[in-house]
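Shown next, in structure tokens, is the structure this report addresses.
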């Protein structure tokens, strides 16, 4: 704010001083001799213009002309600058009288009057143009910044995080495994620590490589298999070119977890989770299938079911705009298909 | 005392059984891996205590409890779950967060034994009396309510409204079925619509058509139909 005020006064004083200097130089060069009164009148004229535009600015700010529509603003500005031109012209008269340079024949000659007023008006108009251009530009800049920071906040809110429920269940299974199968228990601890490490690293990143995400998903499924045992079957069918793609971290994991939470874990007999990828042109198509049924806005408010999917959708939109797509649907044979298509980003 | 473990994960059941080895007072009568299995086993084994997981395939632990006439002592076992924890805030004997620690389990067992002392073992087929508890759930809130605290059951369509404290949650049962289960020395069928807890009766007034108006502590008023009025007078005069 302080900077802005200082900038304003620098421009205002500097601008009108230049105006006065220019007038004086032109006058001197015209060779009509140097008269102090004449020079003084130019300075007074510049000061008058400075004061008038200053009050004009206050008035504009007070009446919030900046938020006016452009057609209305142009009309108001034209009227204002004309009024200011006339005012300045007549305000000069008492000063000329005081300085003894007043010449009624000259001052009230219609032709001279019109040229005088118009020249002031033009200067005030230019002043207005600069003023509004500066403010519009600044406002646009601000809104851009705001938009960027909003987007950043939204994205970080939407970022997937590991579900604590999963972590505690995994730890519980591992505890039991320690007695039953120590080797398997050790392996499970490695998987869990790898997941935790990965998720800590990638949470900070905007995108992660498909391979890293896939490793995390494999570790995740490995741990869930310990918990669900023969009730969880997994299947991978991956396009080798998938590894060239970047994906939002933990997104596939979240969707797989969704499939387990709302699909497999609800089925007494358990079921299958299948992850399939296909590269088509510049896009990566990811299919996650799980046994179960997709209930749209299920009658029960379950912790974050629908919200999770909505987050994924918004997150894709924020990162990729309309380039990515996301859908979830029930297929025949009691399978739920989740499909994400994301573009190649480089 | 006899306990039944209900959890869909084999390893979770195994771990709990292992931990319970330290507590010989608790005899594990069986393991169930879902609500349906548990319901059958509860009927057969009549356990005093349930270790109950909440999230299970098919019906949840809450739904299992809702389907039981009277709830045994229950210790919930669950991994971190905001939804479940909120429900526990209301009241529950106890809950154990997975992975379960030996110390925490010991505390829970201690609580169970305290509770057990106040409650003499209930023979099978005995009617529900004031010492029994029922499990009721209303949206996200749930309660184990001692029958002694329930002053009134009111039928409402296919549901029964259960009056206790300032709450009136609904249970999905018929009033006739409930009436058969309740001990007639403690509860009285006032009319087609109402069953009252006799220990809550505060005043009785004659009413139209030879009926009675019963005032309960807390201010609720219930009409006793003419048909039941004579029986009611008999009971109260004892």
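Chains as they are written, first to last, in our numbering: chain P, 1 to 346; chain R, 347 to 584. Heads up, the beta-carbon is just placed ideally off N, CA and C, and yes, glycines get one too.
For residue 227/P, write down the residues that DSSP places opposite it in a beta bridge.
Answer is none; residue 227/P lacks a bridge partner.
Residue 16/P by DSSP, collapsed to three states: which one?
helix
Local Cβ density within 10 Å of residue 122/P, reported as buried at 16 or more and exposed below that:
exposed
Cβ of residue 407/R within 8 Å of any chain P Cβ
no
With a cut-off of 8 Å, does the C-beta of residue 355/R fall near any C-beta of chain P?
yes
Which residues in chain R have a C-beta closer than 8 Å to the C-beta of residue 176/P? List them in chain order.
357, 358, 360, 361 and 364
Taking only runs of the alpha helix (DSSP H) that begin and end inside the stretch 12-92 of chain P, which ones reach a length of at least 4 residues, in chain order?
36-62
Do the CB positions of residue 376/R and residue 391/R come within less than 8 Å of each other?
yes
According to DSSP, is residue 234/P part of a helix, a strand, or is it coil?
strand
Using a beta-carbon distance below 8 Å, is residue 290/P in contact with chain R?
no
Check the Cβ-Cβ distances between residue 5/P and every residue of chain R, and say whether any is below 8 Å.
no
Which listed residue (383/R, 416/R and 512/R) has its alpha carbon closest to that of residue 529/R
416/R
Chain-ordered neighbours of residue 643/R on chain P, where CB pairs are closer than 7 Å:
Here chain R covers residues 347 to 584 and nothing more, so residue 643/R does not appear.
What residue from 402/R, 351/R, 497/R and 580/R has the CA that sits closest to residue 387/R's CA?
351/R
Between the stretch 215-248 of chain P and chain R, which residues of the former have a C-beta closer than 9 Å to a C-beta of the latter?
226, 227, 228, 229 and 231
Checking contacts by CB at 8 Å: is residue 375/R closer than that to chain P?
no
Please list the partners that residue 265/P has in chain R, where partner means a Cβ-to-Cβ separation under 9 Å.
354, 401, 402 and 403
Supposed contact pair residue 337/P and residue 262/P - C-beta distance, whole angstroms, cut 8 Å
Actually they do not touch by this definition, with Cβ atoms about 13 Å apart.
Secondary structure at residue 442/R, three-state DSSP: helix, strand or coil?
strand
Span of the alpha helix (DSSP H), counted from its first residue to its last, around residue 113/P
110-158
In chain order, what residues of the stretch 142-176 of chain P put their CB closer than 7 Å to some CB of chain R?
164, 165, 168, 169, 171, 172, 173, 175 and 176
Counterpart residues of residue 420/R in DSSP-defined beta bridges
396/R
What does a CB cutoff of less than 6 Å around residue 95/P pick up in its chain, not counting 5 residues either side in sequence?
44
Cα-Cα, which of 477/R, 558/R and 562/R is closest to residue 569/R?
558/R
Chain-order list of residues whose beta-carbon lies under 7 Å from that of residue 413/R (same chain, five-residue window excluded):
385
If contacts are defined as beta-carbon pairs under 8 Å, then residue 522/R and residue 533/R qualify, I think. What distance do you get, rounded to the angstrom?
With 8 Å as the limit, residue 522/R and residue 533/R do not qualify as a contact, their Cβ atoms being about 13 Å apart.
Taking just the CA atoms, how far does residue 209/P sit from residue 197/P?
15 Å
Starting from residue 249/P, trace the beta strand (DSSP E) in both directions and tell me its first and last residue.
From DSSP, residue 249/P is part of no beta strand (DSSP E); its letter is neither H nor E.
Might you give, ordered along the chain, the residues of its own chain that have their beta carbon closer than 8 Å to the beta carbon of residue 527/R, omitting 5 neighbours on each side?
415, 416, 473 and 474
Close-in-space but distant-in-sequence residues of the same chain around residue 300/P (CB under 7 Å, 5 per side omitted):
Legend: pLDDT at residue 300/P = 41, less than 50; position of this residue unreliable, value from coordinates given subsequently. Cβ within range, chain order: n/a, list empty.
Taking CB distances under 8 Å as the criterion, tell me whether residue 179/P reaches chain R.
yes
Which residues in the same chain have their Cβ closer than 8 Å to the Cβ of residue 217/P, if we skip the five residues on either side of it in sequence?
252, 253, 256 and 275
May I ask you to report which of helix, strand or coil DSSP gives residue 7/P?
helix
Residue from 319/P, 342/P, 151/P and 334/P whose Cα sits closest to the Cα of residue 327/P
342/P
Are the stretch 150-163 of chain P and the stretch 313-324 of chain P touching by the rule of at least three beta carbon pairs closer than 8 Å?
yes
Would you kindly work out how many angstroms separate the C-alpha atoms of residue 572/R and residue 549/R, rounded to a whole number?
17 Å
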